[in-house]
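Chains as they are written, first to last, in the UniProt record's numbering: chain A, 1 to 415; chain B, 1 to 415; chain C, 1 to 415.
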């Protein structure tokens, strides 16, 4: 995963443009993707697909022709969606177009202006402070024109058409944790699931933030989406953070809590807030999907957030592997979690004659497997899921799942 | 307010009579009142309006003619609703008609006998102990006759006919905290509201306890009452106490908790109990109104309660001002608290093109005003009020209210 | 009760057979019982009544003819439901039929094989270790043949046909706490109730565990059962343990919590689990009855459990008396707990003119009885029981009950 992050890092992604396409091309080497192109001007919910932005070069050069700010060095140096410009102007005039972080003078900020035509450069405060007065050539060789918004999907077909979505954003330029780590974890998670025969259909969505998710929601059968997870900031060295769906008690919320608590990883969980990543859209009140958000250090909560400090060294291979492991464990529970109905609910069914119960009575060391069967039978009234059984009984989810399989095979419970 | 308390203090109020009328006359100098007179014998719910009681003079005089207990000195000295008497009797016989507080020998108790014809005097234990044996002249120059029960209302009209009631009792004679402080706070609160154009219609009720509130309930369109507050014991130096309505989670209960907690005043809140003041009637199970009770030290919880110790010096101008301030803050929230419905609930609406969102992206210091808009949009599904939004988001109610106004003006939410 | 335990202890009970009948005969000396006999082969829910097992003698004898394991010494020595056998075999072959407790080498375990035809002996590890190699005569003089399953009932008729069941198991051989103490407490409780005129009909069920309860459930009008208690392990010296019904908030659960908390006995309460005693059957999801389980030390939680250590000395007369007292207190609350509806719910009814209220007003020491009436009136909206009133008000249940009786007699509330 770390290699994938490194390969994607230099590309200049935005909410549209060839940087997104190049990103999806590289991801496509790891996982087959269906790439969707949606034309500029398409109405998507309350929004309209904007013009496509592409950029070839951009710099600020001093009187000697030396590039003092250079897009070639980092895609962060240009204000996202900058309109083209090529002029010479004094530093005093240029300053209104320069963005810095005075509190973090070594770092270059990430800034955009998608919906107001502007141009600008981002640079460190130190670089700015070192610039002598005088005239500078500024050039942004960009185009803003009708084109497309690009997103991609990978679908792992399941036994049912009910879907679990995994969504990550693809619109941030050279930012590693906030963008690329989520892309990497999603990609490797999809590869693993593709090797299984899951119960649910799993749909992985790679789309630009906000307008991309809105475009996806506008064009898809959202009623199929039963559960989902937004992956972002998936690679920093902080502990895991799960932000619940707007519902607060959606099945994915229950599953993530169960897995995080039982895995004994340090972690925190939070209620839904309507800012952050694309859970904002999936959990808008009209959709109100059961979609949570998994990060390590959350959105805007680390000093490197939206700066040049969020580079490939900021993310760790171990952290990404850990995020991936939690997703794997959570989906193993989610995928197997059913609401069964006991077909013999009056009294206990006689398990012994079905070979499901020890013939020797009187022993107090009843086996976990038998306890699990009694729990599943007792709570299978259609309102309790296997996760409920695991939580009520204190038995491991897997033990409960095995018991449920045996009871289902004996015809004693039905989903 | 303290001046009003001092002016009202000497009057001999009861559940009927001229003392109540004189009280309302003085209040009427501060606030126009509609005074209602309900004839003796009128059926009001399970009760009947009693005969009217008036008293001109009352005393116990010793053999020398010296008044050892004198109604002219304090209206507390006579048992409320005493029937007329004029006799001479030995102290031994008189004792059965004398009420004292042996545990608080300096203080005169407050006692009544509304529904059993009796006569009696209240005096301090010390006074009683100093009385020599011998004959005493006892005289109570009272009348108990058909007449009226008197209560008053002041209505501040609102944009809607849904009402908030503020109720205080007017039946206690010379007791300052338990009666007059509530009257004073209600009166000044009404004056403030009258200068605004509130959303709700606010109805201030000045009525004798129990039978007065019952009379009001019997004669009014109770279904209009959406919220309410009983004010009593509003002037002592103790911290504020809010007693929830019988419902426990009525909007007034939520608002009072929010304001008390967020104002960081020392305070306590309690569940409903079916004794105390007229919340007993408003919260009887048939009505079950969303009416709470605000006091400082609650009913019967201070040693001066229902004694001559509850005099104008016992209440403080600062305490009454503080009670008034909390009412003002609470009604500011209550009056503005709406349940909005997002008119664009699928995904976030594009705030930028409506001028409601910063055009510059990437900054992590999103302004409170923008967060408030996202919160209001996200929770405006008809089930969450602005107070819910404030509590969930942790943003100040006022910030949430301003955001809601902007969104409503942009047509994005509707009440 | 301890005498009853001692008398019953030697009998060889099982899920069928003459040991059960002999047990019920002795109980019948204390309490008239209706004994039911259900033929082998009868379908009962998912089960079938098994063949009847009877045993006259059983032993392992050494070459000298000395009985080294002897059923006559303790009914525990034979594996319950052992098929007949009479052979001589070397110890090496016999070992597969011998059950011991290596961790508790002094104690004889209790083991059964109801549904697999086997034979075996239970003995202490010490006894086994002392056996020299060589041939042993093994004899089990038992019969397994069509017959009956035997259970018994005692019904205390109430004012209504709604029932409270008290269920105890009768299938364990020489085990005192786990079986006999519950039988003893149930029997003495039934005798006490029979001297009263209870509101509910109380049905005491003496039945073998699992298949006995299932048989009872299959043959009775379960919809009449409103509340119930399974009694077991009722005599050891540990503190009381109440296990809630599957519903978790059934009335019996509320009552038991109230009584245990207010009696200030050391105790613990637990959520339902689908193992233990016959609450497993009563609380199976199809029935889901409001039946809890009262024990002292619970099922399988003491080292003497299902061993020869659970003998009459293990149970204490005081502990059984304490269990009985808690049952008595709980049923006193349950039997009197009603949901009343205030017939005068608009405002408070005038209690004074009905003689239910002190005529002298102004006193702050309102009597508990009057407070209780106000509480009952206020909460009697059909959704609150008297127990709710007691819990909300903090008043003793009995005070609340007395107030409710007075209000009911005055026509102010109706059940």
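For glycine and all other residues, C-beta sits at the position ideal for the given N, C-alpha and C. In this text the structure is predicted, and so the values were computed from the model without any measurement.
- Residue 325 of chain B and residue 185 of chain B have their C-alpha atoms roughly 9 Å apart.
- Counting only runs of at least 3 residues, the UniProt domain "UCP01524 winged helix-turn-helix" (339-414) of chain C fully encloses the following beta strand (DSSP E) elements, listed from N- to C-terminal order: 339-342 and 381-385.
- Chain C places a beta carbon closer than 8 Å to that of residue 349 of chain A, counting this residue as a contact.
- With fewer than three CB-CB distances shorter than 8 Å, the stretch 204-212 of chain B does not count as touching the stretch 247-256 of chain B.
- Within the DSSP secondary-structure output, residue 90 of chain A pairs in a beta bridge with A/135.
- Proximity to residue 161 of chain B across B/200, B/170 and B/282 peaks at B/200, based on C-alpha coordinates.
- Neighbourhood of residue 146 of chain A in chain B, by CB distance below 7 Å: empty, with the nearest CB roughly 18 Å away.
- Under the criterion of beta carbons closer than 8 Å, residue 89 of chain A and residue 59 of chain A do not qualify as touching, at roughly 14 Å.
- For residue 212 of chain A, there is no enclosing beta strand (DSSP E); the enclosing alpha helix (DSSP H) has its first and last residue at 211-219.
- Residue state for residue 287 of chain B is assigned as coil, using DSSP reduced to three classes.
- The DSSP-derived three-state label of residue 52 of chain B is strand.
- For residue 97 of chain A, there is no enclosing beta strand (DSSP E), as DSSP gives it neither H nor E.
- Counting other Cβ atoms within 10 Å of its Cβ, residue 399 of chain B reaches 16 or more and is therefore classed as buried.
- Per DSSP, the unbroken alpha helix (DSSP H) holding residue 188 of chain C starts and ends at 182-194.
- For residue 396 of chain B, no CB of chain A lies under 8 Å from its own CB, so it is not counted at the interface with that chain.
- A distance below 6 Å between beta-carbons, with the five flanking residues on each side excluded, links residue 196 of chain A to no residue of its chain.
- 280, 281, 284, 285, 286, 287, 300, 305 and 306: these are the residues of the stretch 276-309 of chain B whose beta carbon lies less than 7 Å from some beta carbon of chain C, given in chain order.
- Residues are counted here when their Cβ sits less than 8 Å from a Cβ of chain B; for the stretch 108-123 of chain A these are 109, 110, 111, 112, 113, 114, 115, 116 and 118, given in chain order.
- Contact between residue 256 of chain A and residue 330 of chain A holds: CB atoms are separated by about 6 Å, below the 8 Å threshold.
- For the pair residue 351 of chain C and residue 357 of chain C, the Cα-to-Cα distance works out to about 5 Å.
- Taking one beta carbon from each stretch, the stretch 153-172 of chain C and the stretch 387-402 of chain B have fewer than 3 pairs nearer than 8 Å; the two do not touch.
- Setting aside the 5 residues that flank it on each side, residue 174 of chain C is surrounded in the same chain by 9, 74, 75 and 76, each with a C-beta closer than 6 Å to its C-beta; the list follows chain order.
- With a threshold of 8 Å between beta carbons, residue 374 of chain A makes contact with chain C.
- For residue 344 of chain C, the chain B residues whose C-beta falls within less than 7 Å of its own C-beta are 46, listed in chain order.
- In the three-state reduction of the DSSP assignment, residue 25 of chain B falls in the helix class, which pools H, G and I.
- For residue 353 of chain A, the neighbours in chain C by C-beta distance under 8 Å run, in chain order, 115.
- Bridge pairing for residue 59 of chain C: C/70 and C/139 [DSSP].
- Minimum Cα-Cα distance from residue 342 of chain B among the listed residues B/371, B/384 and B/17 corresponds to B/384.
- As the crow flies, the alpha-carbon of residue 118 of chain B is around 30 Å from that of residue 7 of chain B.
- At least 8 Å separates the CB of residue 231 of chain A from every CB of chain C.
- With its beta carbon less than 8 Å from one in chain A, residue 381 of chain B belongs to the interface.
- Taking 8 Å as the threshold, the shortest C-beta distance from residue 386 of chain B to chain A does not fall below it.
- Secondary structure note for residue 257 of chain B: it is in no beta strand (DSSP E), and the uninterrupted alpha helix (DSSP H) holding it is 251-262.
- Inter-residue distance for residue 39 of chain C and residue 152 of chain C is about 15 Å (C-alpha atoms, whole angstroms).
- For residue 237 of chain A, there is no enclosing beta strand (DSSP E), as DSSP marks it with neither H nor E.
- Residue environment analysis places residue 280 of chain B among the buried positions, since at least 16 neighbouring C-beta atoms fall within 10 angstroms of its C-beta.
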